[in-house]
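This report concerns only the one structure given below.
There are 4 protein chains.
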Amino acid sequence: MKFYKQKNPKSSLIAETDGSYYNLTAARSRVKELKELFRASELSGIKLSDLTEQIIYEEGTPNVNLLPDQLEIPFSPDEVWAAGVTYKISEEARQRESEMSEIYLDIYESKRPELFLKATPSRVVGPNDPIGVREDSEWNVPEPELGLVLYKDELIGYTVGNDVSSRSIEGSNPLYLPQAKVYNRSCAIGPSFLYSDQLEPYNFEISMEILRDGISVYEGLTSTNQLNRSFDELIEYMSKSNILNDLTVLLTGTSLVPPDEFDLKDGDVVNITIEGIGTLTNPVVSV
Amino acid sequence: MKFYKQKNPKSSLIAETDGSYYNLTAARSRVKELKELFRASELSGIKLSDLTEQIIYEEGTPNVNLLPDQLEIPFSPDEVWAAGVTYKISEEARQRESEMSEIYLDIYESKRPELFLKATPSRVVGPNDPIGVREDSEWNVPEPELGLVLYKDELIGYTVGNDVSSRSIEGSNPLYLPQAKVYNRSCAIGPSFLYSDQLEPYNFEISMEILRDGISVYEGLTSTNQLNRSFDELIEYMSKSNILNDLTVLLTGTSLVPPDEFDLKDGDVVNITIEGIGTLTNPVVSV
Amino acid sequence: MKFYKQKNPKSSLIAETDGSYYNLTAARSRVKELKELFRASELSGIKLSDLTEQIIYEEGTPNVNLLPDQLEIPFSPDEVWAAGVTYKISEEARQRESEMSEIYLDIYESKRPELFLKATPSRVVGPNDPIGVREDSEWNVPEPELGLVLYKDELIGYTVGNDVSSRSIEGSNPLYLPQAKVYNRSCAIGPSFLYSDQLEPYNFEISMEILRDGISVYEGLTSTNQLNRSFDELIEYMSKSNILNDLTVLLTGTSLVPPDEFDLKDGDVVNITIEGIGTLTNPVVSV
Amino acid sequence: MKFYKQKNPKSSLIAETDGSYYNLTAARSRVKELKELFRASELSGIKLSDLTEQIIYEEGTPNVNLLPDQLEIPFSPDEVWAAGVTYKISEEARQRESEMSEIYLDIYESKRPELFLKATPSRVVGPNDPIGVREDSEWNVPEPELGLVLYKDELIGYTVGNDVSSRSIEGSNPLYLPQAKVYNRSCAIGPSFLYSDQLEPYNFEISMEILRDGISVYEGLTSTNQLNRSFDELIEYMSKSNILNDLTVLLTGTSLVPPDEFDLKDGDVVNITIEGIGTLTNPVVSV
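Chains as they are written, first to last, in this note's numbering: chain A, 1 to 287; chain B, 1001 to 1287; chain C, 2001 to 2287; chain D, 3001 to 3287.
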């Protein structure tokens, strides 16, 4: 079951099931935010999907059309965390690595993953909203990632995330990582929240296409089956000595890297598609 | 002029001027949070100190006693950022540096300072509240720092800050910095907010004392005149491509470093004193 | 099942079932307000009592002691409405009526009940908090009443209410009714919220005792079986052309009237007991 | 100086001075609600108009066009109170009065005015929003009134108000007054908030026109110089034993009464104009 927020009719929460879309905000119980369903599911012990179906079928919840260009952020996470160096690195790639990146290889081989606080609410945008590239950075890239959605400390579903980054700033010194990662419009999530308690999470296919002047200038494809870390270990380490807020997104790292000569620019459009979740589309602006 | 929040009488905002303490929450206009004064000062164009004196003298604001063990966090910052490698490093210290710390020397010599998002509201504690040391870290330290207080993007005053850190986690890989810095109870600020539009900010004397079983196990003293970065440049870089929230604290880095064999432990008490602001006292707990 | 809020431990929501008290705020899901349970019950379709028992038994919810003098208002209603002239009037009483009270007899015989907006949140107090008598009124009385609790437009339970009133102001002109009824501290509710979907609501025994200098100066007893209006008709009329807020209390009128020479005074204490709900105790202050 | 809220650009607060309109929400300090200015004026001791001019002239506040059909409620009052029987009654009118209305004549001659809690936020609409007539009432009327705006307990300005009422319900019994007055969409205020510390408030000209199918079916004109009560006495009585919220509107009663055969109906449009404040336009719906 998937959930969306849509601007028309006025900020509606929409559930998709069996190919139909239902406006939960127009249901008798007027559910406005996913957080309300997460809380009701927690308190009642009823699975989110069963709870939602009950609302759909017992409250005469009206059907709506999904309007992809009217989508908003499906829920507002209290925080977005992100992980790095999580995908398998080929032997060949390792050979190519320069001295600098020993730091990355060390992460790759260490028990503790790389994790960082990626964004607070004012820095996260939803579908169709512009993502930002830093004006003081010469080399910027999108990072298409599967986002784990946690309610309190429990994994309850998935979304698509874009961990936009300055490669030049991070590249010049690893202690600059937070500046390369945390800035205005540096994170996008959406288009949907995919609820699941039985998916095979290591089989998500992730693709990215970047358009410049309407022409595709990058296309790439990967799968979460190439991950070198389990979600459990990422969540375990993020939660160590750390009390999570009610709603956290954990971006699980990227393995789709445009060629070194590619620099994301104002006016580009980034489409990230994860099968079963949807396509997260964001234009790019300089910030 | 200094401001405090005190638990008794019930969560009062207190202004200190000319050695007297006034309970602004008991004034006719019932000011509960510093944010209200910041906003009124912004909208009226009247200096915060003049505005506050007006409230004190025209509203018959009652005097109170300051009760140091009843102090709360003086204001709730939307975010705390922090800087590293900001103090002068002696030639001798540089010689001692190992290969690993070339990364730090590089920061020292670069135009761009080291800056990171240190804490969100749920991770910041006030005076007398416990600060945390990570259970999964073998080596933990307090970092006593002058905190710049920004309203929107303007420097409006100062506070004392403690940027509690895991030295072992940061030390094992610089990409672990966020994990060494951002965790439960990893930041303290207080005891007061010092308003000033004419202080000499490079003359703050900072001292730290650490008590174990009531006995002093560390004492150190430094001054902001040892800074190698100006506050302006720290604020400038923090604000680049970054929209600040209403209320930000920027911790300006530390130069008081206990000896390598010192590890901050559950049960210790850390006192950080900055002349003119006060002493920030926090017991330590494992988190 | 009954619910309370208690100041110690810090503002806890407590459920009473089978003679035991459980601190829902200390349960794993940390329920702070009854409103959260009402919403979860609405969305899940699970009865409030079943939902609560599930939280109690599956989350290891701790037992607590109920401390009657530590009770707070059990929930904060968005509005309190009240009804008048709802109890049976004896033939004898009717004979005694003066010309003035034809207005009341007319209400008694009319289809439409007397209903009015009694209090907004800032005017409602909980157990042990002072209720107010108007300084500009010579004759004040408590009115002990059964309170219906509505979530949206559904009756979900009961509480005890005190519709404190100025008899002299109302008596001098019926158009002064709102001034006789709506003022500072003019309404009390508590001590508990009694949930029920199967009570016999016309069998609540209501008693009131008023203490002056610790001595009982009034005692009275009645029952909701003396009502001349059904709850359904009161709710129906209150809801006509009126969109209720999420949480409304409807006080159902009084039939316990102290003798005409009785005037409620600053320093008195009013105890109203409804069997099965508890005793609502409030001292009296002049306002 | 007058203030408006306008839907486009997105919920903007607009100040009118010297015939120009300024978008305070687009000023550097981004003022979104009048309440922010009221608070800043209170804390700074600067008059609201001076404070606003300072924002306009020192922050480069942009000009906008006023779009009358895009106006929203200029501020959201915590409560609306209303007064009745406040205008002079001619000797002739008194002769006509039936027995029933002795109650009204008694109010007219009494020291204590008629005052009642007219509306809570969910029942108040702004310009262009529909006002309601009760479906269960045969005879409904608009009541055009000058609204006093109080910040805490101080009169700070004026607005236009419509105290829509059911004459048949009130007429059948004076104790039904609250039902005749308090219901869904029973109150409108707007289009502007007129700030003033030096107006002659007893010289406001109030006119009303009611349109049915686009044709004027009622026109009337009166002036606050016909009032039989001073604003001071109305405010004094409303504040007795009553703690006002931050923002209260007090509607000062009506003297424009359509003829007895006139019944306000679904589809009508009511225009109330007070010179110097503007025209409050509301279509009528059955509720």
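Each residue gets a CB set at the ideal place from its N, CA and C atoms; glycine is no exception.
Along chain A, in chain order, which residues have C-beta atoms closer than 7 Å to that of residue i?
| i | result |
| --- | --- |
| B/F1116 | P178 |
| C/E2042 | S29 |
What does residue i touch in chain B if you count any residue whose Cβ is under 7 Å from its own?
| i | result |
| --- | --- |
| A/L242 | Looking at the sequence provided, one finds Asn at residue 242 of chain A rather than Leu. Simply Y1183 and N1184. |
Please say whether residue j and residue i have beta carbons closer to each other than 8 Å?
| i | j | result |
| --- | --- | --- |
| C/K2007 | C/E2072 | yes |
| C/V2164 | C/P2258 | no |
| C/E2236 | C/L2221 | no |
| C/F2116 | D/P3178 | yes |
| C/V2284 | C/I2131 | yes |
| C/N2242 | D/Y3183 | yes |
| B/L1148 | B/T1017 | no |
| B/L1037 | D/L3043 | yes |
| C/V2124 | C/P2077 | yes |
| B/D1136 | A/K35 | no |
| A/S192 | A/G278 | yes |
| A/R134 | A/V269 | no |
| B/R1185 | B/T1086 | no |
| A/L175 | B/G1157 | no |
Where does residue i sit, in a helix, a strand or coil, going by DSSP?
| i | result |
| --- | --- |
| A/T252 | coil |
| B/Q1070 | helix |
| A/G267 | coil |
| D/G3019 | coil |
| A/A180 | helix |
| B/N1228 | coil |
| A/E36 | helix |
| C/G2171 | helix |
| D/L3150 | strand |
| B/E1261 | coil |
| C/E2145 | strand |
| A/E99 | Bear in mind that a pLDDT of 49 at A/E99, under 50, signals an unreliable position, so the model cannot answer this. |
Got a sec? Which residues, its chain only, sit under 8 Å from residue i by beta carbon, not counting five neighbours each side?
| i | result |
| --- | --- |
| B/E1099 | Low confidence applies here, because B/E1099 scores a pLDDT of 49, under 50, leaving its location unreliable; read the following figure in that light. If we look at B/E1099 and ignore the five residues flanking it on each side, it has no Cβ neighbours. |
| D/S3020 | N3063 |
Would you list the one or two residues that DSSP bridges to residue i?
| i | result |
| --- | --- |
| B/I1131 | B/V1284 |
| D/I3272 | D/M3208 and D/L3280 |
| A/Q6 | A/S12 and A/L71 |
| B/S1216 | B/L1211 |
| A/W81 | A/L117 and A/L250 |
| B/A1093 | Partner(s): none; B/A1093 has no beta bridge. |
| B/L1221 | B/S1207 |
| D/D3164 | First, the amino acid is wrong: residue 3164 of chain D is Val here, not Asp. Per DSSP, none; premise fails for D/V3164. |
| B/Y1158 | B/L1148 and B/L1194 |
| C/A2188 | C/V2125 and C/N2162 |
| C/Y2087 | C/L2227 |
Only counting the same chain, and skipping five residues up and downstream in sequence, which positions put a Cβ closer than 7 Å to that of residue i?
| i | result |
| --- | --- |
| A/G190 | L71, I73, P74, G126, P127, T159, V160 and L280 |
| B/T1120 | E1079 |
| C/L2067 | Q2006 and N2008 |
| B/R1112 | Y1237 |
Which residues in chain B have a C-beta closer than 9 Å to the C-beta of residue i? List them in chain order.
| i | result |
| --- | --- |
| A/T120 | D1078, E1079, L1117, T1120 and N1245 |
Report the neighbours of residue i on chain A: residues whose CB is nearer than 8 Å to its CB, in chain order.
| i | result |
| --- | --- |
| B/S1110 | S172 and N173 |
| C/E2036 | R39 and L43 |
Counting only Cβ pairs nearer than 8 Å, list the residues of chain D close to residue i.
| i | result |
| --- | --- |
| C/I2103 | N3173, P3174 and L3175 |
What does residue i touch in chain C if you count any residue whose Cβ is under 9 Å from its own?
| i | result |
| --- | --- |
| A/R167 | Those within 9 Å of A/R167 in chain C number zero; the least Cβ separation is about 42 Å. |
| D/I3107 | N2173, L2175 and Y2176 |
| A/E58 | G2045 |
If the cut is a Cβ gap below 8 Å, which residues of chain B does residue i touch?
| i | result |
| --- | --- |
| A/G132 | S1241 |
| D/L3051 | L1043 and S1044 |
Note down, in chain order, every chain C residue with its Cβ under 7 Å from the Cβ of residue i.
| i | result |
| --- | --- |
| D/D3232 | None at all; the shortest Cβ gap to chain C is about 16 Å. |
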